[in-house]
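A.B. asks: Residue numbers (numbering that gives the first Met the number 0): 0 to 70.
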Amino acid sequence: MKINGRNMTVAQFVEYARKFCIALTAALVVLAAALVDTTVTSAEWVQIIAAFLGAGGVYQASNKGIYGNTN
Numbered sequence: 000m001k002i003n004g005r006n007m008t009v010a011q012f013v014e015y016a017r018k019f020c021i022a023l024t025a026a027l028v029v030l031a032a033a034l035v036d037t038t039v040t041s042a043e044w045v046q047i048i049a050a051f052l053g054a055g056g057v058y059q060a061s062n063k064g065i066y067g068n069t070n
């Protein structure tokens with residue numbers, strides 16, 4: 000499978016898709032909370048984007064070498 004000009008196995012693609020779905024779920028949870036009053040303000044859009052990027056960042060960060068973990 001070739002994505003963004005590089006060869007990628009199905010397992011690698013599934014890993015990226017899983018991370019995207021996790022980030023999307025975080026954003027949708029914040030959107031659902033924002034829709035309680037049937038409107039979404041600009042501040043709430045910022046929170047939705049922050050939830051998406053924050054969840055994506057958590058799963059992109061490597062934990063190698065942190066707290067003695069050498070995996």
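For glycine and all other residues, C-beta sits at the position ideal for the given N, C-alpha and C.
Select from V57, L52 and A32 the residue whose C-alpha is nearest the C-alpha of E43.
C.D. replies: Of the listed residues, the one whose Cα sits closest to E43 is A32.
A.B. asks: Would you mind reading off the limits of the alpha helix (DSSP H) that contains A60?
C.D. replies: No alpha helix (DSSP H) contains A60, which DSSP labels as neither H nor E.
A.B. asks: Among V39, I47 and F19, which has the Cα closest to the Cα of G55?
C.D. replies: G55 has its Cα closest to that of F19, out of V39, I47 and F19.
A.B. asks: I'd like the list of long-range same chain contacts for Y58, defined as Cβ closer than 7 Å, with 5 residues on each side in sequence excluded.
C.D. replies: Contacts found: K18 and I21.
A.B. asks: Could you tell me the alpha carbon to alpha carbon distance between A10 and A16, rounded to whole angstroms?
C.D. replies: Roughly 10 Å between the two C-alpha positions.
A.B. asks: So is I48 buried or exposed if we call it buried at 16+ other beta carbons inside 10 Å?
C.D. replies: I48 should be labelled exposed.
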